[in-house]
Amino acid sequence: MTTTIDAPSRIQARWKPRDVWCALAGVVSLVLTVWAASTVALPVNSDLGLVAVLPYPFWVGLLVLNVAFVVALRGDAAGPASRPVMLWLVVVLVLVLFGTASFVTDVPRGEVAFRHLGIADALTRTEGVNPDIDAYFNWPGFFALLATVLKATGLDPVTVALWAPVINMGLWLAALSVLTGYLTRDARRRWLVLWIFCLGNWQDQDYLSPQAFGFFLYLVVIALVLGPLAARTPRFLGFGRADLVEWWRGRSPAEHRPGHRVIALAVTLLLITVICASHQLTPFLLLITVTALTLSGRVWPSRLPLIIGVVLALWLVYPASAYLAGNPPLAEGGLLAAIDANVVDRVSGTAGHVLVVQIRVLLTLVLWALATAGAVRDWRRGRLDIRVVLLAITPLLLFPVQLYGGEMLIRVSLFALPFIALQACSALLPADDSTRPSARAAGGLVLTCLLLAGMTVTGRFGNAQYDVFTDNEIAAVAAAQRLAPPGSMMISASTPTPWRSEAYLEHRYRTIDFMCKSDLSTPTCGPLVYENARDNAAGAVVLLTRSSEASLVVRGVSNEGNFDELEAWLTAQEGVELVFSNVDARVYRVTP
Amino acid sequence: MITAINRPTAVLGVAAVVLSLVTLIGLPTPLQAVAAIAVLILLPGQALARLTPVTDFALSALLVLALGLAALTAVSTAMFYLAVWSWQACVVAMGVITILACVARARQEAVS
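So the sequence lines, in the order shown, correspond to chains A and B. Residue numbers 1 to 592, in my numbering, belong to the letters of the first sequence in order. Residue numbers 593 to 704, in my numbering, belong to the letters of the second sequence in order.
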């Protein structure tokens, strides 16, 4: 009898009208944004990227979604809306922000995902690892995984690459939700950190890549370090030697069963090994963050940084030795060089492109400012969590060490983002964890989320003019790969070319902007490209696509007139023959 | 001894054997994808995660994914380095890992 009376009341408690409305708002938002994205015509012809061509229902959908989330987060005195509703809204946000391009086109965005498919394909063809090929074959873990999954499942590689951002975000958020459980018990804060993490994620590192896989494993290791491997510290006495020794000896494990800690350590060791085998940068970021946490007394196995260091060193001196012999890891670095490569060199190009880059920088600064305000607020209340601060700041230490092709700032800001988002929550939510945000505070939160969402869509899809490919370009690449004999050189205008997904090892792939580096004018660059093409024993195929040319123009490397002149000069040379063309691409064969 | 084995452990072991065979024989594309993901990632991940004494559901679910993906990466990479890779060999290896983890779990259950 009791159960029959209790059952409906439980259902009522679970599904309040507010929850139903919020869930429905999520559905409406998803329908609006998917429909709006599917109406976008390709190619995107604005240097502002997708933001300039997304119709207004997309923005209405984004507005509805953020309002629904804040209403659900505000909830009532008992806490936020029920877990399924909150989860559903996060799923919708992931689909809206990270699946947008997949609703616009069936072709994966960016050329790197195609290259990664090609490396996995090359591994399956050679059935072995030759570290002399290039850097990827010195860290083949992710590609081995990808090759096995693609062959065993029979899934279409391009479809996997298309939806990889959504899958990777799902993995990251799963790890982040567990991780934040060890840092805060406040349900509102835990949901908001997932939301802010999505809204601040302009870095665009969630495509089919080893770094996305490495970042997932990194978050899992940090979750283990903050959970089963954590240590409790006594009150800090001071920086005197005796005080420090006493403080260090006073630590105790958060997990009291030694067997449990050993198993957690074994799992961590497996994950560290896989991270070291899969990506160059992630193990270094893991090493410095775990070292910082250990020095703060918050990690029980105090030799964990040493273990990470040994595994990393072993990987570098044996499987990755071929690459390191020609590329010393500390050969390029320094703060000024890093600022030049990561910031100054990127703020160039057309007015729209510069605006997009500035918005990315501004978004990062806004989040860091919110996190700083949150940290100050927590510090004043005496509840600043040093673990969150260390996890947010330590990735930045790697910034001046290596230029990483001008991408180091992007990478370190991604690794800091989960903890920046967590610290920012302290500025966005009431001081008392159990307090429901006021209507005014909720309004402010909606505005903040909308601002971040707008900036993320702008920053994330800001290169759509050259990283969203048309079917014509894909057809041209297929034709070029079909027409290029084994051993021939394939030449494209610049890197945004959806090639190398097949025959990765059969050709030498070069780009005109790489060959001509500082000067793309016809008198200098034309002969250089032509001689390179003719000198190759098996000849060459020159592939000129709309997106690769747009990339040069948008980034300010060349202009349309220059490039047309270069192409006209090239076609007038002996042995150059047009073998394929459509609206968005031309393919020329160059006989040796 | 057999009665001491929990049903989930037995189901996991049997599922690993059956799905490994089915994946090797081949199925229509969507079913092949489901079976292969289960036998390569989810079942080994679940079997390995059950060896850990984690009681928190969220961490346990995360470990299923992380351990499944990490184990498959380790196995595939090792096979490539040893020049013995084939996706079928990976399926067999992951099936064996799942069964061994189930045996280890059964021994834990028998002792406790």
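Even glycine gets a Cβ: it sits at the ideal position worked out from N, Cα and C.
In chain B, which residues lie with their C-beta within 7 Å of the C-beta of A:Gly181? In chain order, Ala650 make up the part of chain B whose C-beta sits under 7 Å from the C-beta of A:Gly181.
Determine which residues of the segment 603 to 630 of chain B have a Cβ less than 8 Å from any Cβ of chain A, and write them out in chain order. Per Cβ criterion, the list reads Thr615, Thr621, Gln624, Ala625, Ala628, Ile629.
Going by other Cβ atoms of all chains shown within 10 Å of its Cβ, with 16 needed for buried, is A:Pro8 buried or exposed? Confidence in A:Pro8 is poor, its pLDDT being 42 and thus under 50, which makes the residue's placement unreliable; the coordinate value appears in the next sentence. By the neighbour-count rule (16 or more Cβ atoms within 10 Å), A:Pro8 is not buried but exposed.
Quick one, which residues of the segment 674 to 702 of chain B are near chain A if we go by CB-CB under 7 Å, in chain order? Ala675, Trp677, Trp679, Cys682, Val683
Is B:Pro636 close to chain A, meaning its C-beta is less than 8 Å from at least one C-beta of that chain? no
In this structure, how does DSSP classify A:Ala493 when only helix, strand and coil are distinguished? coil
Proximity below 8 Å, CB of A:Leu42 to CB of A:Val468: yes
As assigned by DSSP and simplified to three states, the class of A:Pro253: strand
Rounding to the nearest angstrom, what Cα-Cα distance links A:Ala464 and A:Val354 in this structure? 14 Å
Ignore the nearest five residues each way along the sequence and tell me which others in A:Gly99's own chain have a CB closer than 6 Å to its CB. Val166
Three-way DSSP call (helix, strand, coil) for A:Val579 in this model: strand
In terms of residue numbering, what span does the beta strand (DSSP E) encompassing A:Pro543 cover? Reading the sequence as shown, one finds Leu at residue 543 of chain A and not Pro. That run of the beta strand (DSSP E) goes 540 to 545.
Which residues in the same chain as A:Ala170 place their Cβ atom closer than 7 Å to its Cβ, once the five residues preceding and following it in sequence are excluded? Note that residue 170 of chain A is Gly in the sequence shown, not Ala. Closer than 7 Å at Cβ, skipping near neighbours: Val94.
Nonlocal neighbours in the same chain, by C-beta distance under 7 Å from B:Val631, ignoring five residues either side: Ala608, Leu611, Ser612, Thr615, Val683, Met686, Gly687
If you compare alpha carbons, which of A:Ala187, A:Gln211, A:Phe213, A:Ser177 is closest to A:Cys198? Closest option to A:Cys198, Cα to Cα, is A:Ser177.
Report yes if the CB atom of A:Ala25 is closer than 8 Å to the CB atom of A:Arg436, and no otherwise. No, these two residues do not count as a Cβ contact at 8 Å.
Which chain B residues are close to A:Lys151, counting only those with a beta carbon under 7 Å from its beta carbon? Close to A:Lys151, with beta-carbon spacing below 7 Å, are these residues of chain B in chain order: Trp679.
What is the C-beta distance between A:Val53 and A:Val44, in whole angstroms, given that I count them as a contact (C-beta under 8 Å)? Beta-carbon to beta-carbon, A:Val53 and A:Val44 are separated by about 6 Å, close enough to satisfy the 8 Å threshold.
Considering only C-alpha positions, which residue in the set A:Leu155, A:Val160, A:Ala135, A:Val267 is nearest to B:Leu657? Ranking the options by Cα distance to B:Leu657, first place goes to A:Val267.
According to the Cβ coordinates, are A:Ala325 and A:Asn138 closer than 8 Å? no
Identify, in the order they occur along the chain, each residue of the same chain with its Cβ nearer than 7 Å to the Cβ of A:Met1, setting aside the five sequence neighbours on each side. Confidence at A:Met1 is low in this model, with a pLDDT of 34, below 50, so its placement is unreliable and the value that follows should be read with caution. Around A:Met1: no qualifying Cβ.
What does the alpha-carbon distance come out to for the pair A:Phe239 and A:Leu217? 34 Å
Just curious, the beta strand (DSSP E) that A:Val376 is in, first and last residue? That residue, A:Val376, is in no beta strand (DSSP E); its alpha helix (DSSP H) goes 351 to 380.
At the 8 Å Cβ level, is B:Ser704 part of the contact set with chain A, yes or no? no
Express the C-alpha separation of A:Arg109 and A:Thr126 in angstroms, rounding to a whole number. Rounded to the nearest angstrom, the two C-alpha atoms are 27 Å apart.
From A:Asn327, A:Val557, A:Ile410, pick the residue whose C-alpha is nearest to that of A:Asp132; which is it? A:Asn327
Can you have a look at A:Leu306 and say buried or exposed, based on whether 16 or more other CB atoms are within 10 angstroms of its CB? exposed
For A:Pro140 and chain B, any beta-carbon pair shorter than 8 Å? For A:Pro140, the nearest beta carbon of chain B is closer than 8 Å to its own beta carbon.
Buried versus exposed, by CB contacts within 10 Å (16 or more), A:Gly561: exposed
Per DSSP, A:Tyr588 is paired with what? A:Val542, A:Leu578
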